[in-house]
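Written out below as structure tokens is the structure these notes cover.
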Amino acid sequence: MVQRKYSGICLLIGMILLSFIFFPSSIPAASLDNGLLTIQPQRLLISSFFHGGEIIAHAIVPPDQDVALRILGAQEDANLMKKGRVWGMWMNTNSVTFHNIPRVYLAWTTKRLSDLADPVILKRLKMDYASIVSDSLETQDAEENSFLIKELIKLKEKEKLYQLWEGSLETTPYGEGGSRRIDAHLQLPSNIYPGSYIVELITFHKGEVTLQKQELLEVSLSGFPEQMHLWATQRGLLYGILAVLFATVAGLIIGVIFTSKGAH
56 MVQRKYSGIC
66 LLIGMILLSF
76 IFFPSSIPAA
86 SLDNGLLTIQ
96 PQRLLISSFF
106 HGGEIIAHAI
116 VPPDQDVALR
126 ILGAQEDANL
136 MKKGRVWGMW
146 MNTNSVTFHN
156 IPRVYLAWTT
166 KRLSDLADPV
176 ILKRLKMDYA
186 SIVSDSLETQ
196 DAEENSFLIK
206 ELIKLKEKEK
216 LYQLWEGSLE
226 TTPYGEGGSR
236 RIDAHLQLPS
246 NIYPGSYIVE
256 LITFHKGEVT
266 LQKQELLEVS
276 LSGFPEQMHL
286 WATQRGLLYG
296 ILAVLFATVA
306 GLIIGVIFTS
316 KGAH
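Numbering (my numbering), first residue to last: 56 to 319.
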């Protein structure tokens, strides 16, 4: 009786295995990969000769999708100096604080933002600059807020910490199910901060969000910059003395150079 029971189980398992062999799944392999996002490298090192970095984002998305890739830095409070007239001259009078805005915001899309989705959805996703910083000010003056936000964005763009490349992403066919593949080379600025960054994939279909996928990117100091950071944070006194000595020696060298040139 026991042998018959086990024989029946073995027969059932065998039939299941044979069904996989002779009747494979009708779902295309490419469709199983939809939503896949990987980045290389997952850790970026800032060394003495760091002039910006690059990561490669690989993604598989469903057919007929518009795509956005973005890199988000940690939230911070940013201070912006406000200018005013003092005795007829323009001077820094006080500072304005923007609360909880991303330190870095870099985005790449297959189309213009306005073609991806309607403004309500874009604002909810915080896809454009205005939606990122719109609620960051405590003042109620709409006109002043608009001016300050424009100035902050202008500063961030100048520092290359906020950048938006609309229509820069390209997709290629992948598999037999109509899926698309993305192999994007994402450039990071030379003044990027150490820390953790979110690399996010967002897909849209007819203006609606269909997929969101995230990966983590670590940016770390390495070599001499790392040692300088450790000295500054753990050995503040020694770091201060060395900084003063370095500045003094540099000043003396420059003075000698210009003096020798003046003698000729």
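Don't be surprised by glycine CBs; every beta carbon is placed ideally from N, CA and C.
Tell me the DSSP secondary structure of residue 137 in three-state form.
strand
Buried or exposed by the 16-neighbour rule on C-beta atoms within 10 Å, applied to residue 128:
buried
Residue 125 versus 189, 230, 249 and 272, residue with shortest Cα-Cα distance
272
Taking DSSP as the reference, what is the three-state secondary structure of residue 250?
strand
Between the Cα of residue 122 and those of 270, 260 and 308, spot the shortest distance and give me the residue it belongs to.
260
With distances taken between CB atoms, is the gap from residue 266 to residue 257 smaller than 9 Å?
yes
For residue 219 and residue 117, the rounded distance between their alpha carbons
24 Å
Taking contact to mean at least 3 C-beta pairs separated by less than 8 Å, is the stretch 205-221 in contact with the stretch 231-251?
yes
Give the DSSP-derived three-state secondary structure of residue 202 in the structure shown.
helix
Give the range of the beta strand (DSSP E) segment to which residue 234 is assigned.
234-243
Tell me the rounded alpha-carbon separation between residue 102 and residue 246.
12 Å
Is residue 157 helix, strand or coil when you go by DSSP?
strand
Alpha carbon of residue 152 to alpha carbon of residue 184, nearest angstrom:
17 Å
Judging by CA-CA distance, which residue of 181, 164 and 254 is the nearest neighbour of residue 91?
254
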